[in-house]
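Q: Each residue of the sequence shown is one higher than the one before, starting from 1 at the first, in UniProt numbering. C-beta: ideal position from N, C-alpha, C; glycine also. Sharing a structure below in structure tokens format, with a few things to ask.
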Amino acid sequence: MMRNNRNNGLLPMKGSSGGGGGGVAAAAGWEMRPGGMLVQRRVAESNRNSVRPAPTIRVSPTIRVRIKHGSIYHEVNVSSEATFGELKKMLSGPTGLHHQDQKLFYKDKERDSNAFLDMVGVKDKSKLVLQEDPVSQQKRYLEMRKNAKMEKAARSISQISLEVDRLGGQVSALELIISKGKKVAESDVTSLNEQLMNQLLKLDGITADGDVKLHRKMQVRRVQKYVETLDMLKVKNSMPSNNDKHHKHHTQRKQRLEPIQKASRRHSNSGVVVTRKWETFDSTIPSQPKR
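Given below as structure tokens:
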């Protein structure tokens, strides 16, 4: 029997009977198949698909704290694991103070807005003191004024941008006309140049930071480009075209021929008649006296 087991590659297990698969094999999760083969026990399908119990959700306890603000007391229900910053936001309504303008003290020590209540020892029925922070309030007002100023600058630059778009279209129209060899009124070029310069002065008077400053700089470059284009168009518009040259040459030629034509007309109107008909005159030669 030992020999047969060795040939099968299996070792005999102590405490096991020939007909069953109990004992140590059963305890180890093995089972004996018919024919003496020892295999790992299968997990029942029902156990494999069994629903695992849902994880328990831990709910932080709610505490009731008492906050003194001047001569007024406020009682607030808050989570023990909340931060002092979250508590400040809850106090904004009852106190009328912005959460950034508040200072919270616990045990005569100012607490940071990121600190947790339970970590510093705040418990149910604990007492805190609320004070107004004038420095933070001043900073917030300055920040609000700065943001309002940036918004106003952004709106002004947007309006200027629309006006530059309109003027740029007029510059393109003049450029198209002059490129075809035609002329435009010099007053139109001058007026357009003045309007662009006015927009440039408006942009120079705007103070901005960040993205608004970049937008202003971009509009300044656009205006400068249009002004340079107008300067070149003004030079081209003042130069004589081919039609002007032909007209000038024709006028000069006409002026040169005019004296000759006048002289010819004077000769034709005089009484002198030029003819090729010759008259024949008979000349009488006196005869010599006979001797």
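(1) Locate the beta strand (DSSP E) running through Arg166, then write down its first and last residues.
(2) Put Tyr226 into one of helix, strand or coil per three-state DSSP.
(3) Compute the Euclidean distance between the alpha carbons of Gly96 and Val120, then round it to the nearest angstrom.
(4) How do the region 222 to 237 and the region 160 to 171 stand: do at least 3 beta-carbon pairs fall below 8 angstroms, yes or no?
(5) Would Leu201 and Tyr226 qualify as a contact pair, given that the criterion is a beta-carbon distance under 7 angstroms?
(6) For His74, which three-state DSSP category applies?
(7) Using DSSP's beta-bridge definition, name the partner residues of Phe116.
(8) What does a CB cutoff of less than 6 angstroms around Gln131 pick up in its chain, not counting 5 residues either side in sequence?
(9) Can you name, in chain order, every residue of its own chain whose Cβ lies under 7 angstroms from the Cβ of Asp124, other than the five neighbours on each side?
(10) Starting from the C-beta of Arg98, find all residues in its chain whose C-beta is less than 8 angstroms away, skip the five residues before and the five after it, and write them out in chain order.
(11) Beta-carbon within less than 7 angstroms of Ser156's beta-carbon, same chain only, minus the 5 sequence neighbours each way: which residues are those?
(12) Whether or not the region 171 to 185 and the region 227 to 239 are in contact is what I'm after, with contact meaning three or more pairs of Cβ atoms, one per stretch, closer than 8 angstroms; do they touch?
(13) What's the C-alpha gap between Lys127 and Val212?
(14) Is Val235 helix, strand or coil when you go by DSSP?
A: In terms of the structure at hand:
(1) To locate residue 166, count along the sequence shown from 1; it is residue 166. It is not in any beta strand (DSSP E) - Arg166 instead sits in the alpha helix (DSSP H) that spans Pro134 to Ser179.
(2) Sequence index remark: in the sequence shown, residue 226 carries index 226 (1-based). Residue state, collapsed to three classes: helix.
(3) In the sequence shown, counting from the first residue as 1, residue 96 sits at position 96. In the sequence shown, counting from the first residue as 1, residue 120 sits at position 120. The alpha-carbon atoms of Gly96 and Val120 are separated by roughly 26 angstroms.
(4) yes
(5) Position 201 of the sequence shown, counted from the start, is the residue given in the question as residue 201. Position 226 of the sequence shown, counted from the start, is the residue given in the question as residue 226. Contact: no.
(6) To locate residue 74, count along the sequence shown from 1; it is residue 74. Strand at His74.
(7) Along the sequence shown, read from residue 1 onward, the residue named residue 116 stands at position 116. Thr83.
(8) Within the sequence shown, residue 131 is the residue found at index 131, counting from 1. So the list reads Lys103, once near-sequence residues are dropped.
(9) Along the sequence shown, one-based indexing puts residue 124 at 124. Correct list, in chain order: Ile63 and Arg64.
(10) To locate residue 98, count along the sequence shown from 1; it is residue 98. The question names Arg, but residue 98 is His in the sequence shown. The answer, listed in chain order, is Ser92, Gln137 and Arg140.
(11) Taking the first residue of the sequence shown as position 1, residue 156 is located at position 156. Around Ser156: Ile206.
(12) yes
(13) Within the sequence shown, numbered from 1, the residue matching residue 127 stands at position 127. Within the sequence shown, numbered from 1, the residue matching residue 212 stands at position 212. Each residue's alpha carbon lies about 47 angstroms from the other.
(14) Position 235 of the sequence shown holds residue 235. In this structure, Val235 counts as helix in the three-state DSSP scheme.
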